[in-house]
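Novice: Under this note's numbering, the first residue of the sequence shown carries the number 236, and numbering increases by one thereafter.
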Amino acid sequence: MPRVLVVGGTGLAGRAVTEEAVERGHEVVVAARRVPDDDAEAYVPGAAYVTTDLVTGAGLEEAVDGVDVLIDTSNGLGKQAANVFATGTQNLVHTAARFGVHRAVLLSIVGIEGSSYGYYRAKAAQERAYLDSALDTRIVRATQFHDFVTAIFDRGRPVGALLSPTGTRFQPIAVADVARVLVDAAEGAGERDGVLHIGGPRVESARALAEQWKRASGSRRYILPIRLGGPLGSTWRAGRNLAPEHAVDGAPYATWLDSRA
Ligand SMILES: NC(=O)c1ccc[n+]([C@@H]2O[C@H](COP(=O)([O-])OP(=O)(O)OC[C@H]3O[C@@H](n4cnc5c(N)ncnc54)[C@H](OP(=O)(O)O)[C@@H]3O)[C@@H](O)[C@H]2O)c1
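#1: Ignore the nearest five residues each way along the sequence and tell me which others in TYR284's own chain have a CB closer than 6 Å to its CB.
#2: Kindly indicate the opening and closing residues of the beta strand (DSSP E) around ILE387.
#3: Under three-state DSSP, which class holds ASP272?
#4: Use the C-beta contact count for LEU370: other C-beta atoms within 10 angstroms, 16 or more gives buried, fewer gives exposed.
#5: Taking the straight line between their C-alpha atoms, what separation do you get for THR287 and ALA364?
#6: Is THR403 near TRP471, with beta carbons less than 8 Å apart?
#7: Which residue's Cα is closest to the Cα of ARG238: LEU305, LEU295 and ARG268?
#8: What residue from ARG456, ALA443, SER351 and LEU327 has the CA that sits closest to ARG390's CA?
#9: Could you tell me if VAL394 is buried or exposed, where buried requires 16 or more neighbouring beta carbons within 10 angstroms of its beta carbon?
#10: With a cut-off of 8 Å, do at least 3 Cβ pairs link the stretch 398 to 415 to the stretch 472 to 486?
#11: Please classify THR286: does DSSP put it in a helix, a strand, or coil?
#12: Along the chain, where does the alpha helix (DSSP H) containing GLU296 start, and where does it finish?
#13: Any heavy atom of ligand 1 closer than 7 Å to the CB of THR401?
#14: Between ILE387, GLU439, TYR488 and GLU362, which has its C-alpha nearest SER309's C-alpha?
#15: Are LEU366 and LEU417 close, meaning C-beta to C-beta below 8 Å?
#16: Taking 8 Å as the cut-off, does the stretch 453 to 469 touch the stretch 323 to 341 (at least 3 CB pairs, one atom from each stretch)?
#17: Does ASP493 come out as helix, strand or coil in the three-state DSSP assignment?
#18: Out of curiosity, what's the CA-to-CA distance linking GLY249 and LEU397?
#19: Could you tell me if the beta carbon of THR372 falls within a distance shorter than 7 Å of some heavy atom in ligand 1?
#20: May I ask whether a heavy atom of ligand 1 can be found less than 7 Å away from the beta carbon of GLN325?
#21: Pull up the distance between the alpha-carbon of PRO280 and that of VAL252, whole angstroms please.
So, in structure tokens, the structure goes:
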């Protein structure tokens, strides 16, 4: 079985990928700046952890040593995003190539191409860094995760509401479903330099999803429609965040909400 490195394997998507890869019998190494204790939620029994900072390069050589394939699920919040996706990715792909890593799988987002939203531009630069590298790369662009859509609604908490972006539809996907596709790609599915799109099983309006959240949680908060400004709002209203022709046969939002309850 190949040795798999999950970069950012303590995060939301990365933890699911780590779990999937361990379950399939791979030898799994996780790289992140903070290594979880073995009773922490982020910890997956059976995986090894290496303290690594993509941006400074600390711990990178140890992380890639002996690795056959890497799956990049790293992330950067706010101003960190450009650092992680630009500098961090360059450090990672060059070190990985130098240490003989054969294949790389990158988790990206549906609809980033052509968007002037800063985070999406940083993701597009990250994709280019992989495609320009010596690594046999597969890019998997996913639609919004169930958890991410929930976090948008929850932004209304300070005013006792659920925020629902107007004119916006989502096709939310479970991170477990994303993880399966990423590990398939790590095992060789897809083509070299190929870009694969995956989306959740259903396209639904933000309002319909917010109503499902409200029902499932028993919340009394009202749904507050907001028009999201800027390039992210226009990208979403244009439906560029959707991939209905690439819907996975996975857990719809309502089922995922029930499973959490
Ligand atoms: N949210 C969505 O709906 C969605 C949809 C499609 C694709 N994506 C993409 O999926 C990826 C993962 O998102 P997520 O929400 O799962 O991320 P997340 O929960 O924020 O996890 C990020 C991971 O990256 C690690 N990390 C951050 N900075 C690092 C650094 N400098 N060096 C090494 N590791 C670092 C974090 O650990 P430490 O902080 O301990 O370093 C953590 O393990 C992102 O690239 C995102 O663009 C997200």
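Positions of the beta carbon are idealized from the N, C-alpha and C atoms, including for glycine.
Only a predicted model underlies this, so the values are computations on that prediction, with no experimental measurement involved.
Specialist: To lay it out plainly:
#1: VAL265 and VAL270
#2: Premise fails: ILE387 lies in the alpha helix (DSSP H), 381 to 389, not in any beta strand (DSSP E).
#3: coil
#4: buried
#5: 19 Å
#6: yes
#7: LEU305
#8: ARG456
#9: exposed
#10: yes
#11: strand
#12: 295 to 299
#13: no
#14: GLU362
#15: no
#16: no
#17: helix
#18: 27 Å
#19: no
#20: no
#21: 13 Å
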